[in-house]
Amino acid sequence: MRAFYLVSLCLILISISNVNAQSESAIDLSVLEGSWKIDMSPEDKTDANFANMEISEINGTGFEGYFYRDGVKIRSGRINTQLGIIYGALISGDGTGEYNTAFYYKDGLLYGTTHSVNRDFLAVWIAAKED
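In my numbering, each residue's number is its place in the sequence shown (first place is 1) plus 8.
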């Protein structure tokens, strides 16, 4: 009887790990590639406070491109899909300091935040893919 329980437990654990592996491998990271128009103040529909992000290449769990404007390279771009959702994080910087950005992908949009320690702000943004 003890052997039966042990075999049953092993089969359950194997099936759980297979489901997790299938769901992670089914995520299409290429949806991130391309140009994104970032609404830097989504709470105000009357302004024109936009920036850009270009994700030009995805390498496994890393990505490259530009954030905020052309010439501001993405550094240490990382992707995580452990929960079945695409999460990303990056570092960018210009003459005013470094920016830490994190986002997630849902229904064709990116929902993110950008934090600047030197400039003392946290921006919340939404980005739509440009054609």
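For each residue, glycine too, the CB sits at the ideal point set by N, CA and C.
Item	Value
Opening and closing residue of the beta strand (DSSP E) in which residue 86 lies	83-88
Residue 38, DSSP secondary structure in three states	helix
Assigned secondary structure, residue 108 (DSSP; H/G/I helix, E/B strand, else coil)	strand
Between the CA atoms of residue 94 and residue 113 - distance to the nearest angstrom	5 Å
Helix, strand or coil at residue 43 according to DSSP, with G and I counted as helix	strand
Of the listed residues 60, 66 and 35, nearest to residue 78 (C-alpha basis)	60
Span separating the alpha-carbon of residue 38 from that of residue 66	8 Å
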